[in-house]
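Residue numbers (our numbering), protein chains in the order written: chain Z, 3 to 471; chain R, 6 to 185.
Each residue gets a CB set at the ideal place from its N, CA and C atoms; glycine is no exception.
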């Protein structure tokens, strides 16, 4: 390309900015090593320095007063906020992407005697619609590894055990729903061993990889059994993320064993290379999958089963409507009492249903209001609105809990679910698509509730229960 | 094969500090130019550039889009430049008696002929036009890369760059005429 004289001059002028580049680079990289031990950079997150003291000595000598003043006014010398474990759910929910690496352990008898085997698990989730999850299932001391990945257009399921690859076009909005579900619910559940940090106590501080961490611990004893879980979290208060999590499990009378170690949790990162490579691995047989035949939504259910009879409660969709209510699609089935296999199926729009959720901490109550029932082959999908009661119109912290009984069986079972938050455009599409999944094929077009109709009903319910605010 | 910005950021975050040097090689000249625009003092710009990269290093985990490291670090540089200018104004007011007459033209340092010419050519250009020129000529004249670094769309960047180039060409002709 021919250059104008002024361009040549300009390029020559710009070489002034190359002056001392090599020396300055060496100077900077030497500083990095020292700074890294006290910064969040590195494989593990580390605390940030309280003050930056980087000033060249020449500049300070020339103008000490001005230099000192500049240092005082630079914002990176300020105090940084410190996070507590209770901030972790918010840190994850606000993330654009999350990467988690873990090692799953299994102890048992093998041909060599009692052994502890391990297998690696990974999660990468990125808004709005990309995820890859490597899950491990232990069977007879053999780890079965499944990889599920979707980029919103394609979904692939790789079974390392069977050496098969199922691949096909993604169901509309399925990946968006899964990503939201992972970020807003599942990953928090994984890392905390429960839906929130409630019950954790801070036991002290310990360095991990040179980073001073707050150590939190929680033990959960399973009611009526000798089984218990214990989570120990080394939490970096500067990054607001765990540096290491050890999950222990105790079953029956056996000793407590290390079940899982989470050793890498990062947010707002790009996917590891190859994460969304949909090429089947060599030697694996590829099978086309019609994902569209599978349902969209959660597989979240709790059940009783005895003597060939079954009772269950399932939540398939839970969508947060502007923090004022949750639109949920759920099912309740009871095979134990043939007089009322499901119950509560008929009635007027907006009537209050008997199965009502509470908050996980049981300190808030909600009303459950009937919208529609979509008949299915074995049970019916019910659409309803969960609206907060009392002196609040806000949904409050996640998750929600259904506690339900099955007639003929003792005790109560609980089903925990998180109403997912989407931006309004996606919420509108999600509401429409989710209803299409449960409506009969011959349903009239007007059968689908719009967000305006839903919001109108929320207004009406709130006016009836709390009066205008 | 050269690693892209996102790769370099990821490797740095995983503890490979040397790769941050690659990002420095890529953007330090541009950051110096941005800071020189504010300080008109190469030594000061070099100092501030070191601070900008240390600041970027410390805040790297907060970078939402690693592929946009260039735009991000330039943003930090522009913020640092503004802070520096504000502090200098405050200093000047406060320390007027101590430094009277020393730096009446904030740090103007044109001992280097190249910078004297640059100052002469660009002094009247708006900040964004200067940034467009710096980005384009300090990034191997790769317009796509420069557009990303400035945070502008390709078309907006071209428009800005062409405007700046026209002004620069005119200014250059005027300086040539003046010297004759």
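- Interface annotation for the segment 15 to 33 of chain R against chain Z: 15, 17, 18, 19, 20, 22, 23, 25, 26, 29, 30 and 33, criterion Cβ-Cβ distance under 8 Å.
- Residue pairing by DSSP puts residue 230 (chain Z) in a beta bridge opposite Z:223 and Z:252.
- In this structure, the alpha-carbon of residue 404 (chain Z) lies about 15 Å from that of residue 354 (chain Z).
- Neighbours of residue 12 (chain Z) in chain R, taken as residues whose beta carbon is under 8 Å from its own, are 123, 126, 138, 142 and 173 in chain order.
- Not one beta carbon of chain R lies nearer than 8 Å to the beta carbon of residue 277 (chain Z).
- Of all alpha-carbon atoms in Z:242, Z:145 and Z:419, the one lying nearest the alpha-carbon of residue 197 (chain Z) is that of Z:419.
- Residue 69 (chain R) has a beta carbon lying within less than 8 Å of a beta carbon in chain Z.
- The beta carbon of residue 75 (chain R) lies closer than 6 Å to those of 32 and 154 in the same chain, with the five residues before and after it left out.
- Out of Z:333, Z:383 and Z:461, the CA that lies nearest to the CA of residue 396 (chain Z) is found in Z:461.
- Using a 10 angstroms sphere on the CB of residue 289 (chain Z), the tally of other CB atoms stays under 16, which defines it as exposed.
- Those residues of the segment 13 to 35 of chain Z placed with their C-beta closer than 8 Å to a C-beta in chain R are 13, 14, 15, 16, 17, 18, 19, 20, 21, 22, 23, 26, 27, 29, 30, 31, 33, 34 and 35, ordered along the chain.
- Per DSSP, the beta-bridge partners of residue 238 (chain Z) are Z:243.
- Taking all protein chains shown into account, residue 256 (chain Z) has fewer than 16 neighbouring C-beta atoms within 10 Å of its C-beta and is therefore exposed.
- Taken through DSSP and simplified to helix, strand or coil, residue 213 (chain Z) comes out as strand.
- Residue 390 (chain Z) is bridged by DSSP to Z:368.
- With respect to the 8 Å criterion, residue 185 (chain Z) and residue 135 (chain Z) are not classified as neighbours on the basis of their beta carbons.
- A residue is called buried once 16 or more other Cβ atoms fall within 10 Å of its Cβ, and residue 458 (chain Z), having fewer, is exposed.
- Under the DSSP assignment, residue 348 (chain Z) falls outside any alpha helix (DSSP H); it carries neither an H nor an E label.
- Counting every other CB atom within 10 Å of its CB across the protein chains shown gives residue 421 (chain Z) a total of 16 or more, marking it as buried.
- With contacts defined by Cβ atoms closer than 8 Å, residue 286 (chain Z) and residue 204 (chain Z) do not form a contacting pair.
- Chain Z places a beta carbon closer than 8 Å to that of residue 66 (chain R), counting this residue as a contact.
- In this structure the segment 106 to 125 of chain Z lies against the segment 248 to 265 of chain Z, because at least three pairs of beta carbons, one per stretch, are closer than 8 Å.
- Straight across, the Cα-Cα distance linking residue 78 (chain R) with residue 330 (chain Z) is about 45 Å.
- Of all residues in the segment 84 to 115 of chain Z, only 98 come within less than 8 Å of chain R when Cβ atoms are compared, listed by chain position.
- Among the bridge pairs identified by DSSP, residue 332 (chain Z) is matched with Z:317 and Z:384.
- Secondary structure at residue 173 (chain Z): coil, using DSSP grouped into helix, strand and coil.
- Linking residue 49 (chain R) to residue 144 (chain R) through their CA atoms gives a straight-line distance of about 22 Å.
- Taking C-beta atoms under 8 Å as the contact rule, residue 271 (chain Z) and residue 15 (chain R) qualify, at a distance of about 7 Å.
- In terms of beta-carbon proximity, residue 219 (chain Z) stays away from the interface with chain R, with every pair separated by 8 Å or more.
- Uninterrupted alpha helix (DSSP H) stretches at least 4 residues long and entirely within the segment 139 to 178 of chain R occur at 148 to 155, given in chain order.
- According to DSSP, residue 294 (chain Z) shares a beta bridge with no other residue.
- The alpha-carbon separation between residue 150 (chain Z) and residue 43 (chain R) amounts to approximately 51 Å.
- Among the residues of chain R, those whose CB is under 8 Å from the CB of residue 270 (chain Z) are 66, 67, 68 and 69, following chain order.
- Remark: C-beta atoms of residue 21 (chain Z) and residue 53 (chain R) do not approach each other more closely than 8 Å.
- Take residue 352 (chain Z), set aside five residues on each side of it, and the residues of its chain with a beta-carbon closer than 7 Å to its own are 371, 372, 459, 462 and 463, in chain order.
- Out of Z:177, Z:231, Z:447 and Z:377, the CA that lies nearest to the CA of residue 195 (chain Z) is found in Z:231.
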